[in-house]
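Engineer: Residue numbers (this note's numbering): 0 to 794.
C-beta: ideal position from N, C-alpha, C; glycine also.
Small disclaimer: the values here were computed from a predicted structure and weren't measured.
One structure, as structure tokens, below. Some questions next.
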Amino acid sequence: MFKNFLKVTLRSVLKSKVFAFINVIGLGLALACCIVAYLNYDFAKSFDDNHLNKDEIYMLSSNRQMQANEVPYNFAPAALANRLKEDVPGLKHVSRYNTDGITIKSGNRIFNRNIGFGDEDFFEMFTFPLKYGSIEHYNDISYIYLSNETAIALFGDVNPMGETVELVNNDGSNWIFKVGGVFEPIPENTLMQFQSFTNWENYVRIKGIKRNDWAQFVAAVYVQTTDASLAERIPEMMQKYIPIQNEARRDFELSSFWVQSMEEAPVNQRDLYGGWMWQAMNEAAIVAPNIMAILILLLACFNFTNTAIAMSNKRLKEIGVRKTLGGSREQLMLQFLAENLFLCLMALIVGLAVATWLVPAYSAMWPGLTIHLSFSQHPDLLFFLIAVLLGTALLAGGYPALYVSRFKPVSILRGTLKVNSSSILAKILLSIQFMISVLALVSGFAFLQNASYQENLDQGYEKEKLIMLPMADAAEMKQMRNTITSNPLIQETAPTRHHIGWGVPARPVKNKDQEFEVDIMDIGVDYMLASGMQVLAGRPFDKANQELDRTNSIVVNQKMARNFGYQNPEDVLGETFYLFDTIRYNVVGVVKDFFDAGLWDPIDPIMMRLFNEDEVSNLLVKVDASQITQVDDYLEATWPQVVDDRPYSGFIQEEGILGEAKEVNANIVTIFVFLSVIAIILSAIGLFTLVSINILSRTKEIGIRKVLGATVVRITTLINRPFLILVSVGAVLGSVAGYYLTQMLMDTIWTYHMDMNSLTFIVPIVSILLIALISISGKVVNAARQNPVKSLRYE
Numbered sequence: 000m001f002k003n004f005l006k007v008t009l010r011s012v013l014k015s016k017v018f019a020f021i022n023v024i025g026l027g028l029a030l031a032c033c034i035v036a037y038l039n040y041d042f043a044k045s046f047d048d049n050h051l052n053k054d055e056i057y058m059l060s061s062n063r064q065m066q067a068n069e070v071p072y073n074f075a076p077a078a079l080a081n082r083l084k085e086d087v088p089g090l091k092h093v094s095r096y097n098t099d100g101i102t103i104k105s106g107n108r109i110f111n112r113n114i115g116f117g118d119e120d121f122f123e124m125f126t127f128p129l130k131y132g133s134i135e136h137y138n139d140i141s142y143i144y145l146s147n148e149t150a151i152a153l154f155g156d157v158n159p160m161g162e163t164v165e166l167v168n169n170d171g172s173n174w175i176f177k178v179g180g181v182f183e184p185i186p187e188n189t190l191m192q193f194q195s196f197t198n199w200e201n202y203v204r205i206k207g208i209k210r211n212d213w214a215q216f217v218a219a220v221y222v223q224t225t226d227a228s229l230a231e232r233i234p235e236m237m238q239k240y241i242p243i244q245n246e247a248r249r250d251f252e253l254s255s256f257w258v259q260s261m262e263e264a265p266v267n268q269r270d271l272y273g274g275w276m277w278q279a280m281n282e283a284a285i286v287a288p289n290i291m292a293i294l295i296l297l298l299a300c301f302n303f304t305n306t307a308i309a310m311s312n313k314r315l316k317e318i319g320v321r322k323t324l325g326g327s328r329e330q331l332m333l334q335f336l337a338e339n340l341f342l343c344l345m346a347l348i349v350g351l352a353v354a355t356w357l358v359p360a361y362s363a364m365w366p367g368l369t370i371h372l373s374f375s376q377h378p379d380l381l382f383f384l385i386a387v388l389l390g391t392a393l394l395a396g397g398y399p400a401l402y403v404s405r406f407k408p409v410s411i412l413r414g415t416l417k418v419n420s421s422s423i424l425a426k427i428l429l430s431i432q433f434m435i436s437v438l439a440l441v442s443g444f445a446f447l448q449n450a451s452y453q454e455n456l457d458q459g460y461e462k463e464k465l466i467m468l469p470m471a472d473a474a475e476m477k478q479m480r481n482t483i484t485s486n487p488l489i490q491e492t493a494p495t496r497h498h499i500g501w502g503v504p505a506r507p508v509k510n511k512d513q514e515f516e517v518d519i520m521d522i523g524v525d526y527m528l529a530s531g532m533q534v535l536a537g538r539p540f541d542k543a544n545q546e547l548d549r550t551n552s553i554v555v556n557q558k559m560a561r562n563f564g565y566q567n568p569e570d571v572l573g574e575t576f577y578l579f580d581t582i583r584y585n586v587v588g589v590v591k592d593f594f595d596a597g598l599w600d601p602i603d604p605i606m607m608r609l610f611n612e613d614e615v616s617n618l619l620v621k622v623d624a625s626q627i628t629q630v631d632d633y634l635e636a637t638w639p640q641v642v643d644d645r646p647y648s649g650f651i652q653e654e655g656i657l658g659e660a661k662e663v664n665a666n667i668v669t670i671f672v673f674l675s676v677i678a679i680i681l682s683a684i685g686l687f688t689l690v691s692i693n694i695l696s697r698t699k700e701i702g703i704r705k706v707l708g709a710t711v712v713r714i715t716t717l718i719n720r721p722f723l724i725l726v727s728v729g730a731v732l733g734s735v736a737g738y739y740l741t742q743m744l745m746d747t748i749w750t751y752h753m754d755m756n757s758l759t760f761i762v763p764i765v766s767i768l769l770i771a772l773i774s775i776s777g778k779v780v781n782a783a784r785q786n787p788v789k790s791l792r793y794e
């Protein structure tokens, strides 16, 4: 019986090679997208699964009281770790974790790298397997552990045990360490990312901090316990130390502590203040591939269903004979389902082949994402593919099998039964196909428009002209400034402590009876001029008033003025504000709001204070936008003349600070363009198939109409009209769905984005109607122009 099923299946596929090929390729592309979506989702949802104790580890974090609201921060006081060890019985382990940038050297190989620090319990809690060495030297402060990438960069792909490295701190101090081990490649979906690691005591030594200083914050304080209820009680048990911490940091007072599990922490990072840890993928990077995969799979299945029903017209006699000879409906259904399953299996093979290219291509699109098509790394992928294969076979082939198996053998053998394209299901499926196509086009075009909108949006400063040079100290900054100012391509240079896009601390600022948390930027006298900030009222800091400004003056943005009730920029000039209730400042200027956090988050209230050149260590360089790459190359070449112990760390503002927004826009556009192309091709094929069947079933009718005097245009219109109506209905529904989907995605990603306009919908709708006309016009015109004698003989 199985052999007979296989023979009939192969014979049926070979008889309809073109349609079988179309269905296999369409489903194959859809399954490849499903594989990408699964691997992407698995990467996002398996954050920190590399740690064997993940379910027992909790992170203690801080809250601050702001305008009667508790605002969560990610970090915690460093001194809290020792109090946890002493005051909370039942904890298996406690460890602090912090990270910092540092320069690491071996011979003439010099790199800027990230270094992590942890307590003696750190590697008892967290799982970071070693490629070389052992963890036994971790508590020896003369040892350092390297990431695999850093070890290769410094020593090549060899075992570096016994080698030494030199660390150069930001203050210029040097520290020599022996290599204690090399980690296996650290997964990108884990909170803690570092290129080197050493014991907490080295943090105390290198950074010059006190061991139990409540004024010192760290990225995380972790506890490990099997008792989840104990972890939840820890914030209450630690509340008694809040007054001690606030006494040590009057400029940054806490209100309470809170705890988050390792499951929650990666997702929380994007929404927390002071997040120094790695964070989970942007929600758009998780949602977009899933949407793409589902839509393409539905398209392919609908196309499969329509063509399967259409092609059953060629097998009517086979069905009639089989039923006459005693074949049951169940056997026919099983035969057609087996054929569909065979095609789906072929499609899966095609999908796996396409996925070998598509997976690495998609992985390269998103920073911080690396996925591999590997069944050893993802054993559940096999079960996922089996489920998708069976589900697709039933979804795409279930109705055709039911539809075909119910045909009456008498009607078939008499020739009175005809399969045509006028069924309600065929029309519904065709409309849905074009709805998906338009949805993809609307979303892709909207994100393309948004990319242009955000690129040209006035962000309150001249972002396209800026290069930032982070320096070690004021002396190094001054030397660099003196070295480069002779270059005629450099328009302005400005020392500063803080910079747009870096993030700055928020502090309580009071005016009259109102108090708000305000971001505080410490800048040099020329910074506002060099960055291109727009002064709306008053004046910027200037050299004529430098001494007075340094001690008494601030410049605020519009948002800060509005928050305190000054709607008109002129109204806030001369007003007095207090920092920490004690430090008094007068407002001398108001600048237009600038996007300090890019377009991701709302603009914060900001006040700027003037610092002397001896108090700042970074240098902002302003150049002509058309020459910015040339100047950046010049600065990189000049860097070793001033800094001989660190590699060049300058960056172009639009690439370093604003690059992620461009990347997200470009990637989402790519995803929807890919979806659009596949959707349009499959929809056009489906439309062509249905029109072809419609023409075949109306051949005699067309001949009679021609004999009675109908013109080619009249016949063409008559055949095209019902299908163009279906396409139009799909286009309208697709526009509505595309609007809501795109709005949801944009709101998820950005605070500031383009509002969709009429062009967003007109271009996709017109495009899909033209594509539909082009795909069927040739077939319809040829049918309308056919000799009526030939048409009347057809049946």
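(1) Using C-beta distances below 7 Å, list every residue in its chain close to Pro646, excluding the 5 sequence neighbours before and after it, in chain order.
(2) Hey, Asp472 and Ser648: beta-carbon distance below 8 Å or not?
(3) Exposed or buried, which one is Lys16 when buried takes at least 16 other CB atoms within 10 Å?
(4) Going by beta-carbon coordinates alone, are Thr715 and Val779 separated by less than 8 Å?
(5) To the nearest angstrom, report how far apart His136 and Tyr96 are at their CA atoms.
(6) Let me know if Asn305 comes out buried or exposed under the rule of 16 or more other beta-carbons within 10 Å of its beta-carbon.
(7) Is Ile627 close to chain D? Criterion is C-beta to C-beta, closer than 8 Å.
(8) If you measure from the CB of Trp749, is any heavy atom of the ligand MN nearer than 7 Å?
(9) Which residue's Cα is closest to the Cα of Leu619: Ser727, Gly573, Lys477?
(10) Using DSSP with H/G/I as helix, E/B as strand and the rest coil, what is Glu514?
(11) For the candidate residues Ala730, Val589, Ile582, whose alpha-carbon lies nearest to that of Val554?
(12) Start and end of the alpha helix (DSSP H) containing Phe563?
(13) Helix, strand or coil for Ile582? Go by DSSP, reduced to three states.
(14) If you draw a straight line from the C-alpha of Ile602 to the C-alpha of Tyr565, how long is it?
(15) What did DSSP end up calling Leu456 once you bin it into helix, strand or coil?
(16) What residues match up with Ser60 in a beta bridge as DSSP calls it?
(17) How is the alpha helix (DSSP H) around Val849 delimited, first residue to last?
(18) Give me, in chain order, the residues of the same chain whose beta-carbon lies closer than 8 Å to that of Ile56; leave out the 5 immediate sequence neighbours on both sides.
(19) What does Gly180 pair with, by DSSP beta-bridge criteria?
(20) State the start and end residues of the unbroken beta strand (DSSP E) segment that holds Ser552.
(21) Let me check understanding here. Comparing Cα to Cα, which of Leu535, Gln432, Ile431, Gly597 lies closest to Gly502?
(22) On the criterion of 16 or more Cβ atoms from any shown chain inside 10 Å, does Gly89 qualify as buried, or is it exposed?
(23) What residue from Leu30, Val735, Met479 has the CA that sits closest to Trp638's CA?
(24) If Ile466 and Leu351 are in contact, beta carbons under 8 Å, what's the gap, nearest whole angstrom?
(25) Can you check DSSP and say which residues form a bridge with Leu468?
(26) When you compare only the Cα positions, how much space is there between Ile243 and Glu235?
(27) On the criterion of 16 or more Cβ atoms from any shown chain inside 10 Å, does Trp356 qualify as buried, or is it exposed?
(28) Could you spell out the range, first to last residue, of the beta strand (DSSP E) harbouring Thr492?
(29) Considering Cα atoms alone, identify which of Gln652, Pro604, Asp644 is closest to Ala624.
(30) Nearest CA to the CA of Ser691: which residue from Gly777, Arg210, Ile24?
(31) Taking DSSP as the reference, what is the three-state secondary structure of Ile775?
(32) Quick one: grab the DSSP three-state call for Trp356.
(33) Is it buried or exposed, His92, if we count other Cβ atoms within 10 angstroms and call 16 or more buried?
(34) Taking the beta strand (DSSP E) that Phe802 falls in, what are its first and last residues?
(35) Between the C-alpha atoms of Asp795 and Thr492, what's the straight-line distance to the nearest angstrom?
(36) Hey, Gly733 and Leu438 are a contact pair by Cβ (cut 8 Å); roughly how many whole angstroms apart?
Structural biologist: The short version:
(1) The residue given as residue 646 occupies position 647 in the sequence shown. Result list for Pro646: Ile109, Phe110, Asn111, in chain order.
(2) As a working note, residue 472 is residue 473 in the sequence shown. As a working note, residue 648 is residue 649 in the sequence shown. It is not a contact, given that the beta carbons lie outside the stated cut-off.
(3) Taking the sequence shown and counting its residues from 1, one reaches residue 16 at position 17. With fewer than 16 other Cβ atoms within 10 Å, it is exposed.
(4) Counting from 1 along the sequence shown, the entry for residue 715 is found at position 716. Counting from 1 along the sequence shown, the entry for residue 779 is found at position 780. Contact flag set, yes.
(5) By one-based count along the sequence shown, residue 136 stands at place 137. By one-based count along the sequence shown, residue 96 stands at place 97. The straight-line gap from Cα to Cα measures roughly 18 Å.
(6) Taking the first residue of the sequence shown as position 1, residue 305 is located at position 306. That one is buried.
(7) Considering every chain present, this structure includes no chain D. It has just one protein chain.
(8) By its list of ligands, the structure shown contains no ligand whatsoever, and the ligand MN lies outside what it can speak to.
(9) What you label residue 619 is simply residue 620 of the sequence shown in a count that begins at 1. Among Ser727, Gly573, Lys477, the Cα nearest to that of Leu619 is on Lys477.
(10) Residue numbering aside, residue 514 sits at position 515 when the sequence shown is read from its first letter. Residue state, collapsed to three classes: strand.
(11) By one-based count along the sequence shown, residue 554 stands at place 555. Val554 has its Cα closest to that of Val589, out of Ala730, Val589, Ile582.
(12) Here residue 563 is taken as the residue at index 564 of the sequence shown, counted from 1. It is not in any alpha helix (DSSP H) - Phe563 carries neither H nor E in the DSSP assignment.
(13) Sequence index remark: in the sequence shown, residue 582 carries index 583 (1-based). The answer is strand: DSSP assigns Ile582 an E or B state.
(14) Counted from its first residue, the sequence shown places residue 602 at position 603. Counted from its first residue, the sequence shown places residue 565 at position 566. Here the C-alpha atom of Ile602 lies approximately 17 Å from the C-alpha atom of Tyr565.
(15) The residue you call residue 456 lines up with position 457 of the sequence shown. Here Leu456 sits in coil by DSSP.
(16) Numbered from 1 along the sequence shown, position 61 holds the residue referred to as residue 60. DSSP output for Ser60 lists Trp257 as bridge partner(s).
(17) Examination of residue 849 is not possible in this model, given that the chain is present from 0 through 794 alone.
(18) Start at 1 with the first residue of the sequence shown, and residue 56 comes out as number 57. The residues are His50, Met124, Phe125, Tyr221, Val222, Gln223, Ser260, Met261.
(19) Within the sequence shown, numbered from 1, the residue matching residue 180 stands at position 181. Looking at the DSSP assignment, Gly180 forms a beta bridge with Gly132, Tyr144.
(20) The residue labelled residue 552 in the question sits at position 553 within the sequence shown. Counting along the chain, the beta strand (DSSP E) containing Ser552 begins and ends at 552–556.
(21) Position 503 of the sequence shown, counted from the start, is the residue given in the question as residue 502. Minimum Cα distance to Gly502 is reached at Gly597.
(22) Here residue 89 is taken as the residue at index 90 of the sequence shown, counted from 1. Exposed.
(23) For the purposes of this step, residue 638 is taken as residue 639 along the sequence shown, with counting starting at 1. Trp638 has its Cα closest to that of Met479, out of Leu30, Val735, Met479.
(24) Residue numbering aside, residue 466 sits at position 467 when the sequence shown is read from its first letter. Residue numbering aside, residue 351 sits at position 352 when the sequence shown is read from its first letter. Not quite, the Cβ-Cβ distance comes to about 46 Å (not below 8 Å), so this is no contact.
(25) Here residue 468 refers to the residue found at position 469 of the sequence shown. Leu468 pairs with Leu618.
(26) The residue labelled residue 243 in the question sits at position 244 within the sequence shown. The residue labelled residue 235 in the question sits at position 236 within the sequence shown. About 15 Å.
(27) Along the sequence shown, one-based indexing puts residue 356 at 357. Trp356 comes out exposed.
(28) If you number the sequence shown from 1, residue 492 lands on position 493. Segment 489–495, the beta strand (DSSP E) holding Thr492.
(29) Residue mapping note: residue 624 aligns to position 625 of the sequence shown, counting from 1. Residue Gln652 is the option with its Cα nearest to Ala624.
(30) For the purposes of this step, residue 691 is identified with residue 692 of the sequence shown, where counting begins at 1. Comparing Cα-Cα distances from Ser691 to each of Gly777, Arg210, Ile24, the minimum goes to Gly777.
(31) Working through the sequence shown from its first residue, we reach residue 775 at position 776. Three-state result, Ile775: helix.
(32) Here residue 356 is taken as the residue at index 357 of the sequence shown, counted from 1. Note: Trp356 maps to helix in three-state DSSP.
(33) Here residue 92 is taken as the residue at index 93 of the sequence shown, counted from 1. It counts as buried.
(34) The question about residue 802 has no answer, for the chain in this structure spans 0 to 794.
(35) There is no way to answer for residue 795, as the model of the chain reaches only from 0 to 794.
(36) Translated into the one-based positions of the sequence shown, residue 733 becomes position 734. Translated into the one-based positions of the sequence shown, residue 438 becomes position 439. Yes, Gly733 and Leu438 are in contact; Cβ-Cβ is about 4 Å, under 8 Å.
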